[in-house]
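Reviewing the structure listed below.
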Amino acid sequence: MATTTDYKAQLQGLLPPGRLWDALREDGSLADQLLAALAEEFARVNDRAESLLNEANPRATYELLAEWEAFANLPDTCTGSTLTLQERRAVLVQRLTATGGQSVTYFQSVVKRLGYTVEITEYRPFICGISQCGMQALNPPKMRFVWRVRLTDPRVTYFRCGESQVGTDPLLKINRAEDLECVLRRVKPAHTSLFMSYEGA
Numbered sequence: 103m104a105t106t107t108d109y110k111a112q113l114q115g116l117l118p119p120g121r122l123w124d125a126l127r128e129d130g131s132l133a134d135q136l137l138a139a140l141a142e143e144f145a146r147v148n149d150r151a152e153s154l155l156n157e158a159n160p161r162a163t164y165e166l167l168a169e170w171e172a173f174a175n176l177p178d179t180c181t182g183s184t185l186t187l188q189e190r191r192a193v194l195v196q197r198l199t200a201t202g203g204q205s206v207t208y209f210q211s212v213v214k215r216l217g218y219t220v221e222i223t224e225y226r227p228f229i230c231g232i233s234q235c236g237m238q239a240l241n242p243p244k245m246r247f248v249w250r251v252r253l254t255d256p257r258v259t260y261f262r263c264g265e266s267q268v269g270t271d272p273l274l275k276i277n278r279a280e281d282l283e284c285v286l287r288r289v290k291p292a293h294t295s296l297f298m299s300y301e302g303a
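With my numbering, letter number 135 in the sequence shown gets 237, and the count goes up by one each step, no holes.
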């Protein structure tokens, strides 16, 4: 990161050689003060340009978070508007990186990004010749389109330095999964039925 001193040295290096210019390079001279003022502005612009690089990353954005959210069509009905800075970033990253899928692993990754821990159960119908009596429930054929998500714990968000906003975010926030069911119903395959179990929340 270039500092005011670095820019001042660069500006002084651009002055032409000669006795007159050497006198202007002396500390405290009018030219020295002018170069110091220019160097301070160059350093400020340099710092803002470097911070803009951080704002280009949705995982670290702060000043441009609202613009990122508008780009990702957030907040929406699932996320609500009472999220901490960490939660807003997590929802944004989840929205931007979601690829879609129908496997248990995919749904667990969606849930993990939201900060929850769940158990997912898929049901299978009883099929003669394949299923064993006494080992599997006598489910009807339509049960192959049913799955259950059991929430084992609520989401706990701790205040973290560098990730949370002082004066706005609480030191600890416990969510009872208001957003979880909404998000899962949005991304689930259309032909399936989802049942939520809140035993751990």
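For every residue, glycine included, the Cβ atom is placed at its ideal position computed from N, Cα and C.
Proximity of residue i and residue j at Cβ, strictly below 8 Å
| i | j | result |
| --- | --- | --- |
| Leu216 | Leu282 | yes |
| Thr259 | Thr199 | no |
| Ala138 | Ala104 | no |
| Arg262 | Gln188 | yes |
| Leu273 | Val220 | no |
| Ser299 | Val251 | yes |
| Thr179 | Cys284 | yes |
Presumed contact (8 Å Cβ cut-off) between residue i and residue j, rounded CB distance
| i | j | result |
| --- | --- | --- |
| Thr106 | Ala141 | 5 Å |
| Arg127 | Leu117 | 7 Å |
| Thr294 | Phe247 | 5 Å |
Contacts around residue i, its chain only, beta-carbon distance under 7 Å, and the 5 residues preceding and following it disregarded
| i | result |
| --- | --- |
| Leu194 | Pro160, Trp170, Glu171, Ala174 and Leu176 |
| Gln114 | Arg127 and Leu137 |
| Leu296 | Trp249, Val251, Leu286, Arg287 and Lys290 |
| Pro242 | Pro227 |
Counted within 10 angstroms of its Cβ, other Cβ atoms place residue i as buried (16 or more) or exposed
| i | result |
| --- | --- |
| Phe209 | buried |
| Val213 | buried |
| Ala279 | buried |
| Val268 | exposed |
| Thr270 | exposed |
| Thr163 | buried |
| Ser131 | exposed |
| Ser266 | buried |
Cβ shell of residue i (< 6 Å), same chain only, five flanking positions each side left out
| i | result |
| --- | --- |
| Thr181 | Val193 and Asp281 |
| Met245 | Tyr225 and Pro227 |
| Tyr109 | Ala141, Phe144 and Ala145 |
| Ala133 | Leu126 |
DSSP beta-bridge partners of residue i
| i | result |
| --- | --- |
| Trp170 | DSSP output for Trp170 lists no bridge partner at all. |
| Trp249 | Glu224 and Leu296 |
| Asp281 | Beta-bridge pairing links Asp281 to no other residue. |
| Lys275 | Thr259 |
Cut-off 8 Å between Cβ atoms - residues of its own chain near residue i, not counting five sequence neighbours on either side
| i | result |
| --- | --- |
| Gly264 | none |
| Glu301 | Arg252, Leu253 and Thr254 |
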